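K.L.:
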Ligand SMILES: C[S@@+](CC[C@H](N)C(=O)[O-])C[C@H]1O[C@@H](n2cnc3c(N)ncnc32)[C@H](O)[C@@H]1O
């Protein structure tokens, strides 16, 4: 078999890039692109180049897409929906294990664009109010729209706020899916004057900051006590807090395998700090691990506690 030389391999690639850039230049003269279109294009090109250089392009999601090809579009949609369903099922199991009453008042902190906790409560058929809490207005709008689309029957509140705001308190249950890693990132960014929101726009900046975080000794020393102090005030006496951080796909895809170790360390330290503040750590979760589809959650991924005081009913 005749092996192709590097330059022979590269020539179709360079030809393709050349054609694409001439086409963009031609179109650019005829259309006024809006900021969103330009941002998306620049980000997509950046991501594609990154995958190409790191030789991860075969696993890339940048497959040839075509709006007329329903199978391609639905495959992506179904895979996202299956993931939301899995995480929702995990939250349903956790809520059942905690014996959350169907009328409990619940806050989902850092709900993001797709509120996984609320999806779990939708599957459970709860009737109590679920407040979506996030500091990002667009995420809140999408999250509440998502619940409408799936026909969630419980009343949904929307609060543009952070976990640390005093107004976010007094709930029967405060739950968060994959928030702890973001809180660690935010903590580091505040210490170093970095705009955390901007990091998500570019994978390489995000990677660089996480590498710095991992290399910073004692970062959790200040973070854990402040978070423990905050969490114990969020629910009424007898109320329950649960934070779940399973190993993230995006961290794995970016090669950030040490992040989960750091998050688990934060989880252990947080449990100790909460115990020291009179919270009862909940250990009677369903099993050593829960697996739904491709997601497995173990006790190591969870911080759950009941605030001490009267009235243990949820
Ligand atoms: C990684 S996303 C997780 C989103 C969602 N829970 C999920 O599992 O897909 C973190 C979300 O938390 C929000 N967030 C970060 N820090 C927060 C804070 N201190 N209080 C409330 N929301 C916060 C961000 O705006 C973002 O929407």
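In the working numbering, the protein residues as written are 3 to 316.
Quick reminder that beta carbons are idealized off the backbone N, C-alpha and C, glycines included.
For clarity, every value in this text was computed on a predicted model and none was experimentally measured.
1. According to DSSP, is residue 197 part of a helix, a strand, or is it coil?
2. Considering only their Cβ atoms, is the gap separating residue 190 from residue 211 smaller than 8 Å?
3. Report the option in 154, 129, 164 whose CA atom is closest to the CA atom of residue 141.
4. Three or more C-beta pairs closer than 8 Å, one from the segment 247-254 and one from the segment 224-235: is that the case here?
5. At a cut-off of 7 Å, is residue 2 close to ligand 1 when judged by its beta-carbon and the heavy atoms of the ligand?
6. Below 8 Å between beta carbons: does that hold for residue 110 and residue 27?
7. So, do the segment 74-88 and the segment 221-230 have three or more beta carbon pairs nearer to each other than 8 Å?
8. For residue 289, does the three-state DSSP call read helix, strand or coil?
9. Could you please give the first and the last residue of the uninterrupted alpha helix (DSSP H) stretch that includes residue 34?
10. For ligand 1, I want to know if residue 122 counts as a neighbour, meaning its beta carbon is within less than 7 Å of at least one of the ligand's heavy atoms.
11. Let me check you understand the geometry: is the CB of residue 80 closer than 7 Å to at least one non-hydrogen atom of ligand 1?
12. Alpha carbon to alpha carbon, how far is residue 17 from residue 54?
13. Is it the case that the Cβ atoms of residue 258 and residue 182 are separated by a distance below 8 Å?
14. At a threshold of 7 Å, does residue 108 count as lining ligand 2 (C-beta to nearest heavy atom)?
15. I'd like the list of long-range same chain contacts for residue 311, defined as Cβ closer than 7 Å, with 5 residues on each side in sequence excluded.
16. Grouping DSSP H, G and I as helix and E and B as strand, with all else coil, what is residue 110?
17. Which whole-angstrom value describes the C-beta separation of residue 187 and residue 152, a residue pair presumed to lie in contact below a C-beta threshold of 8 Å?
18. Identify which residue in 99, 243, 127 has its Cα closest to the Cα of residue 105.
19. What residue range does the beta strand (DSSP E) around residue 266 cover?
20. Is residue 299 helix, strand or coil by DSSP?
21. Any heavy atom of ligand 1 closer than 7 Å to the beta-carbon of residue 111?
22. Return the CA-CA distance between residue 309 and residue 166, expressed in angstroms with no decimal places.
P.N.:
Put simply:
1. coil
2. yes
3. 164
4. no
5. Nothing in the structure corresponds to residue 2, since the chain is present only between 3 and 316.
6. no
7. no
8. coil
9. Segment: none, residue 34 is in no alpha helix (DSSP H) and carries neither H nor E.
10. no
11. no
12. 15 Å
13. no
14. Because ligand 2 does not appear in the structure shown, any question about it cannot be addressed here, the ligands present being ligand 1.
15. 239, 240
16. strand
17. At roughly 29 Å, the Cβ-Cβ gap does not stay under 8 Å, so residue 187 and residue 152 are not in contact.
18. 127
19. Premise fails: residue 266 lies in the alpha helix (DSSP H), 260-278, not in any beta strand (DSSP E).
20. strand
21. yes
22. 17 Å
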